[in-house]
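Numbering (our numbering), first residue to last: 15 to 262.
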């Protein structure tokens, strides 16, 4: 199972893998990796083609809030790198902090805030430059395609927290002051590990709900999964259009 491009599929977004012409599957446990027990994370690698490109989709991920450490959370990224991946697209489900970024839309990550209190690079003097974690050139390509498709695609800063509890309204106000546009419980550690390995990184948040205090509605993981499945079709169109034009 080798490919130069991989996509990590977050909560409710595993349905994206169904659009691949599947050639091979491998469970995380079979690959010697820890397995998530959170709904919406199938826990397997899916090898196939999309838009004529050979891709490995990582269907699900593990999280700090499940009791794993940063090294374990980023182990899938290292596995993908060992199997030839040079470019990686990270996706997640996130709460939106912006009134003009409504649920059901997608946000492309310009940058992130690592508020997990840890790093997969701990254990050595791994002073990796994080000035541009998410490839500007690749972002521009996807932005141009989204405009051509008339698909709303916001750009902003993602705040990664440990979880598992959702944030309080006071914490959301703090995050807005810090410059965050969306918040979730994944992605940042994977992005840091991928960047350290020299991989080209792109990130997308499926905005599945209003963050605490912005709406009077409560927060529920089932709603996150449902919105992610609905929004997945737009991302399939964007991925298909964009990947058909890149060379690997």
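Don't be surprised by glycine CBs; every beta carbon is placed ideally from N, CA and C.
Residue pairing from DSSP places residue 108 in a beta bridge opposite 221.
Comparing C-alpha distances from residue 90 to each of 115, 109, 57, 121 shows the shortest one belongs to 57. Residue 110 places its beta carbon less than 9 Å from that of residue 121. Selection 21, 29, 19, 22 evaluated against residue 244 yields 29 as nearest (Cα-Cα). Assignment of residue 169 by DSSP, reduced to helix, strand and coil, places it in the strand class.
The region 28-59 is shown to contain whole beta strand (DSSP E) runs of 3 or more residues at 35-41, in chain order. When DSSP states are grouped into helix, strand and coil, residue 126 belongs to the strand group.
Beta-bridge annotation (DSSP): residue 73 is paired with 23, 58. The region 172-182 makes no contact with the region 244-256: fewer than 3 CB pairs, one atom from each, lie closer than 8 Å. Contact annotation: the region 76-90 does not touch the region 211-231, with fewer than three C-beta pairs closer than 8 Å. Secondary structure of residue 160 (DSSP, three-state): helix.
Partner residues in the beta bridge of residue 63, as assigned by DSSP, are 35, 68. The residue among 18, 256, 224 with its C-alpha nearest the C-alpha of residue 107 is 224.
When secondary structure is reduced to three states using DSSP, residue 258 falls in the coil class, being assigned neither helix nor strand. DSSP places residue 87 inside the alpha helix (DSSP H), whose first and last residues are 84-87.
Here residue 254 is actually not in contact with residue 31; their C-beta atoms are around 14 Å apart, not less than 8 Å.
With respect to the 9 Å criterion, residue 20 and residue 99 are classified as neighbours on the basis of their beta carbons.
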